[in-house]
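In my numbering, the protein residues as written are 219 to 508.
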């Protein structure tokens, strides 16, 4: 058994109380009548930049959001290329309670990046998040990867036990030990998985191969973050190796893929409506170190 000082216990209990209040506020936000859909574009392409062309995956995302809006949802799209997102420093790997929400590697305010100052709040606002990315070398784009890595701060992370010494490794290890030793089925761990029960959809596009690997890469991470997926929750648009890449736009920008994006929107909004009408459901995750 790890020994904790009275002061340490007071700090850890204060964080737990704050986290439980946040959990209730999140539940209240999710179960109101509004359906909020956030589209996240991971493409670097813009007609005003080097490529001189707009993004295909972003075009699909725009159509998906347009249909969601027609179905009664509030929608917003963010293009990650427009934001300053710093790399994750993997504090979670030091110990769970070393990774904080909001990220204390880039603390909110003048020292924070756009992830801390803007994008976490947009993710908290959303009931549904649609992730759209091009296929870059058989995987998600580098921008989407940065974004996904930084979302770890929303996946179980807490406020720092000592706001004046946020990266005190020994204190944060003790905080983790405290959570693990005091967790019960009734009280829970004190960790808060902020995506637990939100709905996700995936859109990918590319020249030829890699769609399945890109979708799978996103799906496994998002599923472990706690997102729910309806049937037919992803779509991909790919061209062919038989054609040069300058033919891709004429192949991919078509009514078939547009309808796929609209169908995706309908499935996502349908699941969100079902969840909001079932207030007593819950999804279990580890009460200790996860």
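Here a beta-carbon is modelled for each residue, glycine too, at the ideal position from N, C-alpha and C.
Shortest Cα-Cα distance from residue 278 to any of 496, 319, 489, 483 involves 483. Here residue 454 carries a strand assignment [DSSP, helix/strand/coil]. An exposed status is given to residue 224, since fewer than 16 other beta-carbon atoms sit within 10 Å of its beta-carbon. When Cβ pairs closer than 8 angstroms are counted between the two stretches, the segment 301 to 317 is seen to touch the segment 359 to 373, the count reaching three or more.
The three-state secondary structure of residue 219, taken from DSSP, is coil.
Listed in chain order, the non-local C-beta contacts of residue 471 below 8 angstroms within the same chain comprise 274, 277, local neighbours out to five positions each way being set aside.
The residues 348, 451, 482, 486, in chain order, have a CB closer than 6 angstroms to that of residue 419 in the same chain once the five nearest residues on each side in sequence are set aside. Here residue 454 is near residue 422, since their CB atoms are less than 8 angstroms apart. Within the same chain, 256 come within 6 angstroms of residue 294 by CB-CB distance, once the 5 residues on both sides are set aside. Secondary structure note for residue 256: it is in no alpha helix (DSSP H), and the uninterrupted beta strand (DSSP E) holding it is 254 to 259.
The residue from 266, 231, 428, 245 with its alpha-carbon nearest to that of residue 414 is 245.
Membership of residue 273 in any beta strand (DSSP E) is not indicated, and neither H nor E is assigned to it by DSSP. Residues of the same chain with a CB within less than 7 angstroms of the CB of residue 475, apart from the 5 flanking positions on each side, are 278, 455 in chain order.
Using a C-beta cut-off of 8 angstroms, the segment 341 to 361 makes contact with the segment 259 to 267, since at least three inter-stretch Cβ pairs fall below that distance.
The straight-line gap separating the alpha-carbon atoms of residue 308 and residue 473 is approximately 42 angstroms.
When Cβ pairs closer than 8 angstroms are counted between the two stretches, the segment 232 to 247 is seen not to touch the segment 281 to 301, the count staying below three. Residue environment for residue 480: buried (at least 16 other C-beta atoms within 10 angstroms of its C-beta). For residue 401 and residue 356, the gap between their C-alpha atoms comes out near 41 angstroms.
For residue 356, there is no enclosing alpha helix (DSSP H), as DSSP marks it with neither H nor E. In this chain, residue 483 is not harboured by any beta strand (DSSP E); it is covered by the alpha helix (DSSP H) spanning 473 to 494. The beta carbons of residue 346 and residue 457 sit no closer together than 8 angstroms.
Counted as a single uninterrupted DSSP element, the beta strand (DSSP E) harbouring residue 422 occupies residues 417 to 424.
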